[in-house]
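To start, the structure itself, in structure tokens.
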Amino acid sequence: TEKEKLNFIEQMIEKDLAEGKNDGRLHTRFPPEPNGYLHIGHAKSICLNFGLAEKYNGLCNLRFDDTNPEKEETEYVESIKEDIKWLGFDWGDREYYASDYFDQLYDYAVKLIKDGKAYIDDQPAELISEQRGTPNEPGKESPYRNRPVEESLEIFEDMKAGKYDEGTHVLRAKIDMTSPVMQMRDPVIYRIKKMAHHRTGDKWCIYPTYDFAHGQSDSIEGITHSLCTLEFAAHRPLYNWFIENLGIFPSEQTEFARLNLGYTIVSKRKLRELVEGGHVDGWDDPRMPTISGIRRRGYTPESIRSFADKIGVAKRNGISDVALLEFSVREDLNKKANRVLGVLDPVKLIITNYPEGQTEELDAVNNPEDESAGKRKIPFSREVYIERGDFMEDPQKKFFRMGPDREVRLKYAYIVKCTGFKKNDAGEIEEIYAEYDPATKSGQDNTGKKVKGTLGWVDANAGIETEVRLYDRLFMTEDLNKIEDDFKNHLNPDSLQVMKNAVAEPSVKDMKPGEQFQFERMGYFIIDKGSTGDKPIINRTVTLRDNWAK
Ligand code: ATP
Ligand code: MG
Ligand code: MG
């Protein structure tokens, strides 16, 4: 029997289900605010919420938490849906918007006022926050705290009708100005914002705060387990207070540690700053930790889900290693990606004893991990490109690739022996010369000859020109939560390297944007979404091995 270890949320759910709580229902939700593109941190929350629903035969709602009209846009709603689908999750017809509950939330607020549990405060925001005090001393009650219910009701209606300017009045819950939990000190639950909303247009000029909208939205949807990140632990008493005092379905909030990733920013606000400041090429720049960015980079849905699995769910904040994310995508692509020959920084190798004008087709294995991927033919002739770094004029002992008088195998082809080279005026190697041994053809070699190095190569005539983009970490500092200066000071100036002269075997020409492969020995790559055939643009997803070993 397989006995897997349950995380603390699964333990809680199994206990609730076993006790028949909520009639044995499990219902979660993923509640993004449509104010930016989703990032890898959201992916963790998506995998958690949708994953639990799958595992326990429950449901998971997609709810746009769109109660703040300021930064929200329909563009973001669309991208969020696309990203969740791409990750492989399906909300069916359970697509909800907190803004659909504005009428209901307004009625809840009226009920609290009528019950003497909410009041209109006429004081400015700064004064209200000053009076809230500090955790160690009680706050000061507002002079409006005990104003008559009728007066609060009337003002609230007039606020809704647009009769007051922004900042003149707020609605506050009447809870406890001495509570050690700051959120309970008469929190603001409605404010005036004369701003159009991406869905409700100009219907409203008062909007509920996050705290007044979130728990009630959970409750309206019958959410049983409302999972959120640890920052919201302090809001839980308030979450429960609203539910109790409104007498509505008791959804329960549970907090888990947010995903923090080394060398990575996971905050929509900061990611937007990178986009708007032109530090990256849009939300889907392949260096961005957005789901659209990592998708364009070549990360697969399976690799993200497996990463989310591996990091698990914790009760304490920590920082996850990017190496684990990279491992997950290598593991997935190793099984799926066909091998292709390519050269990023080419130098010409001329095989002087190979007949001029002759071409032959060699057999190459598409994927040694997957026999069903089959074989292909690759052209070979007298002139090929090899990687500049695969040749040393004066090779060190441990260098097993090409150097004067050395023998190496050209993958799928022959053993060649270097006979010389030519430099240009600038002192750079321009051409390398070699002789091949016709008896050493791969698959038919009975010579018993052994060589230590095997090189990738691309036929100089048949190969195609490409532009290969190599990506490195966007930031130079691992724990960006610990810095005190502007996070943009920590950007890695070398996060993008463009190999404009890269060449690839001809099969790459037929690949479509989004197609993925391994350039043998160099890593996993993907045809960029903006690539147009003539000179394919190729993104490196990840190197073959972790180059960051300390
Ligand atoms: P950001 O600060 O990036 O805007 P957010 O929490 O404000 O993040 P929301 O759109 O409100 O963004 O988040 C939707 C859901 O995703 C929430 O339930 C939130 O807790 C969760 N979430 C956001 N960031 C992370 C993270 N880094 N790790 C895990 N879950 C996250
Ligand atoms: Mg939020
Ligand atoms: Mg936010």
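For the sequence shown, the UniProt record's numbering begins at 3 and goes up steadily by one. Cβ atoms here follow ideal geometry from the backbone N, Cα and C, with glycine treated the same way.
As assigned by DSSP and simplified to three states, the class of residue i
| i | result |
| --- | --- |
| Asp496 | coil |
| Lys419 | strand |
| Lys552 | Interpretation of Lys552 is limited by its pLDDT of 32, a score under 50 that renders its predicted location unreliable; the figure taken from the coordinates is listed afterwards. Coil, per DSSP. |
| Thr361 | strand |
| Met14 | helix |
| Gly525 | strand |
| Asp487 | coil |
| Glu139 | coil |
| Ile86 | helix |
| Gln446 | coil |
| Val345 | strand |
| Lys235 | The amino acid at residue 235 is misidentified as Lys; the sequence shows Ala. DSSP places Ala235 in helix when its eight states are reduced to three. |
| Ser131 | helix |
| Ala163 | coil |
| Gly532 | coil |
| Glu4 | Because Glu4 carries a pLDDT of 46, less than 50, the predicted location of this residue cannot be relied on, and no value is offered for it. |
| Arg149 | coil |
| Arg547 | coil |
| Val315 | coil |
| Lys113 | helix |
| residue 561 | Outside the displayed span of the chain (3 to 552) sits residue 561, for which this structure offers no information. |
| Val510 | helix |
| Asn368 | coil |
| Arg471 | strand |
| Asn355 | coil |
| Phe393 | strand |
| Glu433 | strand |
| Asn262 | coil |
| Val410 | strand |
| Asn541 | strand |
| Glu97 | strand |
| Arg271 | helix |
Check: residue i C-beta below 6 angstroms from any heavy atom of ligand 1
| i | result |
| --- | --- |
| Glu480 | no |
| Ser47 | yes |
| Ser294 | no |
| Arg274 | no |
| Pro370 | no |
| Val268 | yes |
| Glu35 | yes |
| Gly217 | no |
| Arg31 | no |
| Arg96 | no |
| Leu476 | no |
| Leu326 | no |
| Leu261 | yes |
| His492 | no |
| Cys420 | no |
| His237 | no |
| His44 | yes |
| Thr231 | yes |
Those residues which DSSP pairs with residue i across a bridge
| i | result |
| --- | --- |
| Cys230 | Glu257 |
| Cys62 | Thr30 |
| His199 | Gly203 |
| Thr292 | His41 |
| residue 554 | The question about residue 554 has no answer, for the chain in this structure spans 3 to 552. |
| Asp123 | Val172 |
| Tyr78 | Tyr78 pairs with nothing; no bridge assigned. |
| Ser383 | Thr361 |
| Ile388 | Val349 |
| Ala441 | Its beta-bridge partners do not exist; DSSP assigns none. |
| Asp461 | Val386 |
| Thr302 | Answer is none; Thr302 lacks a bridge partner. |
| Met501 | Val470 |
| Pro210 | Tyr192 |
Residue-chain proximity (residue i, chain D), Cβ-Cβ < 7 angstroms
| i | result |
| --- | --- |
| Thr231 | Any reference to chain D falls outside this structure, which holds one protein chain only. |
* Report yes or no: do the segment 445-463 and the segment 516-529 share at least 3 C-beta pairs separated by less than 8 angstroms? => yes
* Three or more C-beta pairs below 8 angstroms linking the segment 260-267 and the segment 480-487 -> yes
* Check whether the segment 188-201 touches the segment 45-53, taking contact to mean three or more Cβ pairs, one atom from each stretch, closer than 8 angstroms. => no
* Asked: Between the segment 400-420 and the segment 438-447, are three or more C-beta pairs nearer than 8 angstroms?
  -> yes
* **Three-pair Cβ contact test at 8 angstroms for the segment 98-112 versus the segment 67-86** => yes
* Contact between the segment 376-390 and the segment 299-310 (3+ Cβ pairs under 8 angstroms) -> no
* Asked: Is the segment 148-159 close to the segment 101-121, with three or more CB pairs under 8 angstroms?
  -> yes
* Asked: If you pair each beta-carbon of the segment 272-285 with each one of the segment 26-39, do three or more pairs fall below 8 angstroms?
  -> yes
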